[in-house]
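For what it's worth, the numbering used here labels the leading residue of the sequence shown as 33, then goes sequentially.
By construction, the Cβ of each residue, glycine as well, lies at the ideal position given by its N, Cα and C atoms.
Read through the structure below, which is laid out as structure tokens, and then see the notes.
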Amino acid sequence: MDDNSPQSKSSIQASGLSNSTSGQVPQVKYSNNQHSSQTASSNNDLLVYIPDIPTNISEKELEEMIQTRISTNLRIKMSDIKCYSNLGVAVIRLMNEEDKKHLVSNVQSMVLDVKHNTNILFVDELDLDSYIVLDRNISKIPTADEVARRYMQVYKIADLRSCQQISVQFPNIFRFSLNTFDELVKAVKNPDFKIGSAFATVYLRADCSYFEDLPPYTNDEKISSAIANQIGENKLQPTSFYVQYNKQTGNAIVLATQSNKK
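Next up, the structure:
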């Protein structure tokens, strides 16, 4: 598949559907694979992130659980904790650099809930890769630069974000890189906007997967149903998943935000 950014190729095997292949905020650190991630700056060197928090527990209850486990098991005190279920992330502010290093480098993970076998990870970087999806039926697709400029205008940020069309097969989908966690929080509150007459939706902290060589009878609904069946859901939440099938090529793309973890 001809695409412009690193993506995963996955396989589906369900319901007869299958394919053969598959306060202040830290500054940004760019990894070698061009994914954006947030890392601690000099003003925020005591922040630790917990990615992929369970979203079937209330934020308040989850904050209390995490604080209790860290305090009781590790004897570490934190100055603040905030869970963002709509982003699948918890942010911890610690009291000193030694505790942060211990949590990230030595502890790395711990069991949060023994009954449900729920583990949490501690990291000092956060994946900020996100996607903008436009209405696939519009007559003229905006350029990546136009999308980036409109995003900058809507969310009132100072600089253009890196933005690129992910594939000629799916010209209405753009991958872009955010710079701060605050930007994530701002966008998740208002994920929908317009570019000219076209409607656009932001899928924050999303994984992107391709499905190739799908059967000719496939459509968006059948793919969605197959995925929902695999993850034990009746249907996919439109705010957490986006599915698009290209019947000309027999390929599909699936965006899944990291807030859909349970």
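Residue i (DSSP reduced to helix, strand or coil)
{"i": "Arg101", "result": "helix"}
{"i": "Leu126", "result": "strand"}
{"i": "Leu78", "result": "coil"}
{"i": "Tyr183", "result": "helix"}
{"i": "Leu246", "result": "coil"}
{"i": "Asn204", "result": "coil"}
{"i": "Gln140", "result": "coil"}
{"i": "Ile133", "result": "Note that residue 133 is Lys in the sequence shown, not Ile. DSSP places Lys133 in helix when its eight states are reduced to three."}
{"i": "Ala190", "result": "coil"}
{"i": "Asp161", "result": "strand"}
{"i": "Leu210", "result": "coil"}
{"i": "Asp112", "result": "strand"}
{"i": "Leu94", "result": "helix"}
{"i": "Asp239", "result": "strand"}
{"i": "Asp145", "result": "strand"}
Neighbourhood of residue i by C-beta distance below 7 Å, restricted to the same chain and skipping five residues each side
{"i": "Ile173", "result": "Leu166, Pro203 and Asn204"}
{"i": "Ile102", "result": "Ile108 and Met110"}
{"i": "Glu235", "result": "In the sequence under discussion, the amino acid at residue 235 is Tyr, which differs from the Glu named in the question. Excluding sequence neighbours, Tyr235 sits near Ser162, Tyr163, Val165, Tyr274, Leu287 and Thr289."}
Span of the beta strand (DSSP E), counted from its first residue to its last, around residue i
{"i": "Gln262", "result": "Counting along the chain, Gln262 falls outside any beta strand (DSSP E), though it belongs to the alpha helix (DSSP H) covering Asp252 to Gln262."}
{"i": "Gln269", "result": "Careful: Gln269 lies outside any beta strand (DSSP E) and carries neither H nor E."}
{"i": "Leu119", "result": "Run containing Leu119: none; DSSP gives neither H nor E here."}
{"i": "Lys226", "result": "Asp224 to Ile227"}
{"i": "Ile152", "result": "Thr150 to Leu153"}
Beta-ladder partner(s) of residue i, from DSSP
{"i": "Ile89", "result": "Its beta-bridge partners do not exist; DSSP assigns none."}
{"i": "Gln276", "result": "Ile285"}
Start-to-end residues for the alpha helix (DSSP H) that takes in residue i
{"i": "Asp214", "result": "Phe213 to Lys221"}
Residue-level contact to chain D via CB, residue i, 9 Å cutoff
{"i": "Phe243", "result": "No chain D is part of this structure, which consists of one protein chain only."}
For residue j and residue i, believed in contact at Cβ under 8 Å, the rounded distance
{"i": "Phe225", "j": "Val286", "result": "Phe225 to Val286, Cβ: 22 Å. No contact."}
Close beta carbons around residue i, own chain, < 6 Å, minus the five adjacent residues each side
{"i": "Phe273", "result": "Ala288"}
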